[in-house]
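Peer 1: Structure provided below as structure tokens; questions to follow.
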Amino acid sequence: MSDNLLQFLPPNLFDPWKKLKKAVLSKNRLLHVNQLFAVTYPQFIYLDHNNLTDLDSVLHPNMSFVETIQLSNNPFSKVTVNSFNGKLNRIRFLYLDHCLIQEFDARHYADLKYLSTLDLSYNLIEKVVNQKITFGNDVELDFTGNKIKEFNAELPYNVKHVYLNKNLMTTVGRTLQFSQMAQVSLADNRIQSLDYEEFRGVHGIVMLDLQGNVISSIERETFTSIRKELVYLDLSRNKLRRLNGCVQSLSLLTSLNLTDNQIELDSGCAEESINFDLEIESRSVSVRELQFYSVSGQSGSLTDPSRRNSRKLFNYLRGVQVR
1 MSDNLLQFLP
11 PNLFDPWKKL
21 KKAVLSKNRL
31 LHVNQLFAVT
41 YPQFIYLDHN
51 NLTDLDSVLH
61 PNMSFVETIQ
71 LSNNPFSKVT
81 VNSFNGKLNR
91 IRFLYLDHCL
101 IQEFDARHYA
111 DLKYLSTLDL
121 SYNLIEKVVN
131 QKITFGNDVE
141 LDFTGNKIKE
151 FNAELPYNVK
161 HVYLNKNLMT
171 TVGRTLQFSQ
181 MAQVSLADNR
191 IQSLDYEEFR
201 GVHGIVMLDL
211 QGNVISSIER
221 ETFTSIRKEL
231 VYLDLSRNKL
241 RRLNGCVQSL
251 SLLTSLNLTD
261 NQIELDSGCA
271 EESINFDLEI
281 ESRSVSVREL
291 QFYSVSGQSG
301 SLTDPSRRNS
311 RKLFNYLRGV
321 QVR
């Protein structure tokens with residue numbers, strides 16, 4: 001029933017279909033779905049791209065069989081304590097992206113004990129502070145494209161993926177402290193620097209994306225707490241000139257993107273025992289001197305000569321300015 005011009009549906013339309021598994025009502029003009037799911041509880045409900053405004057009236061108590069609800073692209077402006085609590089005891093995937101939601105309050109989702117994905121991207125949320133987020137296992141939180149300036153939430157071990165791309169954050173602050181996330185993206189914010197305190201108590205991060213900020217300085221000890229865990233680090237499109245040895249102790253790092261910086265590595269960098277393959281993925285890295293390392297191929301890898309035969313950097317560096 002998707003891709004129509006439906007504005008209203010009979011309240012008891014699905015009542016005879018007790019075993020209905022999927023209801024797809026996407027891309028209509030529905031203004032409300034009052035009582036539509038009062039008796040029949042499909043496992044998958046798709047109501048995205050409509051004109052729904054009252055989130056509290058969409059769902060009903062004890063919809064225990066529902067696993068996925070897609071509510072994206074509706075003009076919802078708020079979530080209340082009655083929107084989901086007592087209604088979706090076993091939901092795993094909840095999509096509320098591209099709406100008009102202005103705040104995040106973890107209490108409004110308190111009963112969603114099995115939730116693994118909450119997508120609140122491209123809303124109007126300005127801050128997430130003093131929140132305790134629990135949910136289910138291997139939790140993914142997506143806050144991309146909001147107006148968040150501060151993110152300070154208690155994230156237990158089960159929260160593994162957090163996306164805060166395209167917000168207004170000027171510092172990492174307490175976003176990561178004492179967390180155990182595996183994948184974190186803070187790309188395209190306004191972060192200016194990285195220091196050790198912002199990563200205090202952090203464990204388990206495998207991928208950290210910080211591209212597209214205005215980072216100009218990184219403390220040498222910044223990544224110490226995740227030195228045995230970090231595999232992918234993206235610092236491209238920043239304002240870095242020096243790394244200050246911050247990657248020296250990252251023993252598992254295999255991918256470091258420094259695209260569109262002005263990195264200056266003098267001969268002293270050879271004293272840093274960098275023992276990983278370094279992927280240079282673009283053409284806007286300026287390098288002063290790397291005589292002990294080699295770059296092979298157009299994308300290339302920067303390798304420790306102790307692990308492979310060293311070659312002259314300048315013979316293989318393509319499209320990279322050498323200073």
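Under full-length UniProt numbering, the first residue of the sequence shown is numbered 1, with each subsequent residue one higher.
Quick reminder that beta carbons are idealized off the backbone N, C-alpha and C, glycines included.
(1) Based on the DSSP secondary-structure assignment, which residues constitute the bridge partners of E140?
(2) Using 8 angstroms as the Cβ pair cut-off and three pairs as the minimum, do the segment 24–44 and the segment 76–87 touch?
(3) Assuming G204 and E229 form a contact by the criterion Cβ under 8 angstroms, report the distance between their Cβ atoms to the nearest whole angstrom.
(4) Using CA coordinates, which residue listed in I101, F223, Q180, N137 is at the minimum distance from residue 411?
(5) Is T224 helix, strand or coil when you go by DSSP?
(6) Determine the direct distance from the alpha carbon of Q183 to that of T259, and round the result to whole angstroms.
(7) Just to confirm, are F14 and L20 a CB contact at a threshold of 8 angstroms?
(8) Thinking C-alpha only, which one of V81, N89, N123, L47 is nearest F8?
(9) Which residue marks the beginning of the beta strand (DSSP E) containing S185, and which one marks its end?
(10) Find the nearest neighbour of V162 within the set K239, D209, S83, E67, judged by alpha-carbon distance.
(11) Considering only residues of the same chain and omitting the five flanking positions on each side of E219, which have a CB-CB separation below 6 angstroms?
(12) Tell me which residue opens and which closes the beta strand (DSSP E) that Q102 is part of.
(13) Whose C-alpha, out of A153, L55, L124, M181, is nearest the C-alpha of D173?
(14) Tell me whether the beta-carbon of S121 lies closer than 8 angstroms to the beta-carbon of D138.
(15) What are the partner residues of M207, as DSSP defines its beta bridges?
(16) With respect to the beta strand (DSSP E) encompassing Y122, which residues constitute its N-terminal and C-terminal limits?
(17) Quick check: D56 and N89, are their CB atoms within less than 8 angstroms of each other?
(18) Enumerate in chain order the residues of its own chain whose CB-to-CB distance from F276 is below 6 angstroms, with the five nearest sequence positions on each side excluded.
(19) In three-state DSSP terms, what is Y41?
(20) Work out the CA separation of E198 and L176 for me, nearest whole Å.
(21) If you draw a straight line from the C-alpha of L168 to the C-alpha of I148, how long is it?
(22) Here's a check: name, in chain order, each residue in its chain whose Cβ is nearer than 8 angstroms to the Cβ of S249, leaving out the five neighbours to either side.
(23) Check for me: the beta strand (DSSP E) holding S249 runs from which residue to which?
(24) Let me confirm a value: N238 is counted as buried when at least 16 other C-beta atoms fall within 10 Å, else exposed. Which label applies?
(25) Going by beta carbon distance, what residues of the same chain come within less than 8 angstroms of L71, once the five residues before and after it are set aside?
(26) Return the chain-ordered list of same chain residues with a C-beta closer than 6 angstroms to the C-beta of F104, the five sequence neighbours on each side being excluded.
(27) Can V206 and V231 be called in contact, C-beta distance under 8 angstroms?
(28) Suppose contacts are defined by Cβ-Cβ distances below 8 angstroms. Is Y109 in contact with F143 by that definition?
(29) Roughly how many angstroms separate the alpha carbons of R241 and T134, rounded to a whole number?
(30) Tell me the rounded alpha-carbon separation between E150 and Q131.
(31) Just the Cα atoms here: how many angstroms apart are K18 and L164?
(32) When DSSP builds the beta bridges, which residues end up paired with A153?
Peer 2: In this structure, then:
(1) T117, H161
(2) no
(3) 6 angstroms
(4) The question about residue 411 has no answer here: the residues shown for the chain are numbered 1 through 323.
(5) helix
(6) 20 angstroms
(7) yes
(8) L47
(9) 183–185
(10) D209
(11) D195, Y196
(12) No beta strand (DSSP E) holds Q102; DSSP gives it neither H nor E.
(13) The question names Asp, but residue 173 is Gly in the sequence shown. Looking at the Cα atoms, A153 is the closest of the given residues.
(14) no
(15) Q183, Y232
(16) Element bounds for Y122: n/a, residue is neither H nor E.
(17) no
(18) Per-residue confidence for F276 stands at a pLDDT of 41, beneath the threshold of 50, marking its modelled position as unreliable; no derived number is given.
(19) coil
(20) 7 angstroms
(21) 5 angstroms
(22) F223, T224, R227
(23) Where S249 is concerned, there is no enclosing beta strand (DSSP E), given that its DSSP letter is neither H nor E.
(24) buried
(25) L47, D48, L52, L55, V58, L94, Y95, L96, C99
(26) I125, V128
(27) yes
(28) no
(29) 39 angstroms
(30) 12 angstroms
(31) 40 angstroms
(32) Q131
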